[in-house]
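J.: Have a look at this one.
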Amino acid sequence: MEVLKSKKILQDFIERQKEMGKKIGFAPTMGALHDGHLSLYKLAREENDLVVSSIFVNPTQFNNAEDLEKYPRDINRDILILEKSGLVDAVYIPEVTDIYPEKTESRHYDFDGLENEMEGKSRPGHFDGVGTVVEELFLQVKPDSAYFGEKDFQQLAIIRKMTEKKKLPIKIIGVPIFRAENGLALSSRNQRLDKDRREASKIIYETLKKVNEWFRVLTVPEIKQRVQEVFDNQRGMQLEYFLIADEKTLKETDFFYKDRSFRAFIVVVVDGVRLIDNIHLD
Ligand code: PAF
Numbered sequence: 550m551e552v553l554k555s556k557k558i559l560q561d562f563i564e565r566q567k568e569m570g571k572k573i574g575f576a577p578t579m580g581a582l583h584d585g586h587l588s589l590y591k592l593a594r595e596e597n598d599l600v601v602s603s604i605f606v607n608p609t610q611f612n613n614a615e616d617l618e619k620y621p622r623d624i625n626r627d628i629l630i631l632e633k634s635g636l637v638d639a640v641y642i643p644e645v646t647d648i649y650p651e652k653t654e655s656r657h658y659d660f661d662g663l664e665n666e667m668e669g670k671s672r673p674g675h676f677d678g679v680g681t682v683v684e685e686l687f688l689q690v691k692p693d694s695a696y697f698g699e700k701d702f703q704q705l706a707i708i709r710k711m712t713e714k715k716k717l718p719i720k721i722i723g724v725p726i727f728r729a730e731n732g733l734a735l736s737s738r739n740q741r742l743d744k745d746r747r748e749a750s751k752i753i754y755e756t757l758k759k760v761n762e763w764f765r766v767l768t769v770p771e772i773k774q775r776v777q778e779v780f781d782n783q784r785g786m787q788l789e790y791f792l793i794a795d796e797k798t799l800k801e802t803d804f805f806y807k808d809r810s811f812r813a814f815i816v817v818v819v820d821g822v823r824l825i826d827n828i829h830l831d
């Protein structure tokens, strides 16, 4: 596996691959790799000639300095995981100045309102940071397809919107949520929970599965009430939000319309660690 440590080295590498007519699949990350990332690479491997990943802890998408500082970083461990997986041909590890040559600031985007829903309400500016880094990485890596996990469903929708608005010739692929055996959605943040709390957190996905059973049997307010009751009875867990939204607009709904698709979204804080999850309702 090639480890590409600057924009110039990456660009020479990409140019050579393009000359050989290679189809490039790209999965950007912020490191702290886990099996969820490997599921992105697996799909990218199946659909492309070459798989490129990146590891870059993007400062502009964090809402405060403490969160940025606390973000787990272990580049040597990540490189070992990538090498062992045998799924990735090259990893790009840029310097901050490769992504932000002048000021470390995000551009402002109009994502047609997607940015104002859910995470946008509690994390102002977060999606501008994500848009900025992903657009820059797309321009440098020039992939044919790019892979993102459905756990961050709003992020995926925003990246789709940005790619469409900027007319970038890149196919955006959403990859189903990768779950631990107990159903907990894999996330780099899970490392901050001890074994007991990780086990207790399986209640999040269990509740989402119940929501899918209640869908079309109960009303939205009734479902919300039941979810609230579940978490009122969980020690050390706070339900930050639970809502059901239209899958396209991400706008919260109070009513199920027949011809639209819906998804339930949840954020639970477990011992100070913010866990997010979602489920398509069918
Ligand atoms: O999902 C992530 O890991 C990050 O938000 C991303 C897409 C790599 C941008 O920094």
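Residue numbers (the numbering used here): 550 to 831.
The C-beta atom is built at its ideal place from N, Cα and C for all residues, glycine as well.
(1) Give me, in chain order, the residues of the same chain whose beta-carbon lies closer than 8 Å to that of residue 622; leave out the 5 immediate sequence neighbours on both sides.
(2) Taking only the alpha-carbon atoms, compute the straight-line gap between residue 725 and residue 699 and give it to the nearest angstrom.
(3) Under 6 Å Cβ to Cβ from residue 664, same chain only, skipping five residues before and after it: list those, please.
(4) Give me the residue from 790, 668, 565 and 669 with the minimum Cα distance to residue 639.
(5) Output the distance between the C-alpha atoms of residue 617 and residue 611, rounded to the nearest integer angstrom.
(6) Report the rounded CA-to-CA distance for residue 574 versus residue 723, giving the unit in angstroms.
(7) Helix, strand or coil: how does DSSP classify residue 856 here?
(8) Where does residue 715 sit, in a helix, a strand or coil, going by DSSP?
(9) For the stretch 747 to 766 and the stretch 776 to 793, state whether three or more C-beta atom pairs, one from each stretch, are separated by less than 8 Å.
(10) Taking its Cβ as the centre, do 16 or more other Cβ atoms sit within 10 Å of residue 613, making it buried, or is it exposed?
(11) Just to confirm the assignment, what range does the beta strand (DSSP E) spanning residue 688 have?
(12) Pairing CB atoms from the stretch 732 to 744 with CB atoms from the stretch 768 to 776, are three or more of them under 8 Å?
(13) Checking 7 Å against the spacing of the C-beta atoms, do residue 563 and residue 691 come in under that value?
(14) What are the partner residues of residue 787, as DSSP defines its beta bridges?
(15) So is residue 554 in contact with chain D if we call contact Cβ pairs under 7 Å?
(16) Answer yes or no: the CB of residue 607 versus the heavy atoms of the ligand PAF, is any distance below 6 Å?
(17) How many Å lie between residue 636 and residue 653 at the Cα?
(18) I'd like to check one pair, residue 604 with residue 627: are the Cβ atoms closer than 7 Å?
T.: The relevant details are as follows:
(1) 580, 581 and 606
(2) 5 Å
(3) If we look at residue 664 and ignore the five residues flanking it on each side, its Cβ neighbours are 676.
(4) 565
(5) Cα-Cα distance, rounded: 6 Å.
(6) Rounded to whole angstroms, the gap between the alpha carbons of residue 574 and residue 723 is 13 Å.
(7) There is no way to answer for residue 856, as the model of the chain reaches only from 550 to 831.
(8) In the three-state reduction of the DSSP assignment, residue 715 falls in the coil class.
(9) yes
(10) exposed
(11) Element bounds for residue 688: not the beta strand (DSSP E) but the alpha helix (DSSP H), 675 to 690.
(12) no
(13) yes
(14) 818
(15) No chain D is part of this structure, which consists of one protein chain only.
(16) Placement of the Cβ of residue 607 at a distance of less than 6 Å from at least one heavy atom of the ligand PAF is found.
(17) 32 Å
(18) yes
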